[in-house]
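Below: the structure, in C-alpha cells.
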Amino acid sequence: MEHPLVTGHAAWVALATPPPGIIFAREEGRLDPAEYTAVVRASGLVRPVDDAARMAAMVAGSNLIVTARDAAGRLVGAARSFTDFAYGCYLSDLCVDPAAQGGGIGRGLIAETKRIIGPGCMLLLLSAPKPMTWYPKLGMEQVENGFIIRRDG
C-alpha cells in the first residue's frame, strides 16, 4: 500500500507535537550517556551499548539530540543527529522504548528534528532492515543512492 509523502517544512512542523503525556526537548550537551544507553538498549537499536566510553563519546559528539520524556521525566525516546542547521542533517539514531512505541513518539521526534533544523536543511537517515517499511508510513521519501566506508569494530 502506498503512503503519501509528507512534503514541505510546514507539513513536518505540523507533526512536531508530542503525544499526550510526553515532552520533547533538546538535550545535546546535557543528556546523561547512561540514560541514553538504557533507552537504546531497550529499543533494540544496534549500537555498542556495552561500551560505555564509546556511547558517551557518541552523545558528546552529537550537536542535536531531541528527547522524549514521560510525565515522570523518564527518557522514553531520542533522536540523535549531526547537522550544520543550514543544508544537511544526518539523523544517526532514532529509538523509542518498546513500552512507549505505537503512540507517535518516533514520528514526533523526526518531525521535531526537522522543525529545529529548518526549511533549508534536509534530513537523512539510514535505516536498519527491520524498520525499512515503517519510515514510508510516516510520509518519508525512500532514497537508494549512497555509499559507505565501514568502521572497524
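This note's numbering puts the first residue of the sequence shown at 61, with every later residue one more than the last. Backbone N, C-alpha and C fix where the C-beta goes; we use that ideal spot for every residue, glycine too. The structure presented is a predicted model; accordingly, all values stated were derived computationally and were not measured.
For G137, the enclosing beta strand (DSSP E) stretches over residues L135 to T143.
Between the region 119–139 and the region 159–169 there are three or more inter-stretch CB-CB distances shorter than 8 Å, so the stretches are counted as touching.
In this structure, DSSP gives T77 a state outside helix and strand, which the three-state scheme calls coil. Judged by their CB atoms, T67 and G168 are not nearer to each other than the 8 Å cut-off. In the DSSP assignment, I177 falls within the alpha helix (DSSP H) that extends over I165 to I177. Take K174, set aside five residues on each side of it, and the residues of its chain with a beta-carbon closer than 6 Å to its own are W72 and L183, in chain order.
Note that the C-beta distance between C181 and Y147 is below 8 Å. Under the 10 Å beta carbon count, L65 is surrounded by fewer than 16 other beta carbons and is classified as exposed. About 19 Å separates the beta carbons of N123 and E95, which is beyond the 8 Å limit, so they are not a contact pair. Looking at the backbone, the Cα of P189 and that of G166 are separated by about 17 Å.
In this chain, the alpha helix (DSSP H) harbouring R114 covers A112 to A120. The beta carbons of D130 and I82 sit about 6 Å from each other, so the pair counts as a contact at 8 Å. The bridge partners DSSP lists for F84 are A128. The distance from the Cβ of I170 to that of L154 is about 7 Å, consistent with a contact at the 8 Å cut-off. Residue pairing for Y147: DSSP places it in no beta bridge. Here C155 is bridged, per DSSP, to A138.
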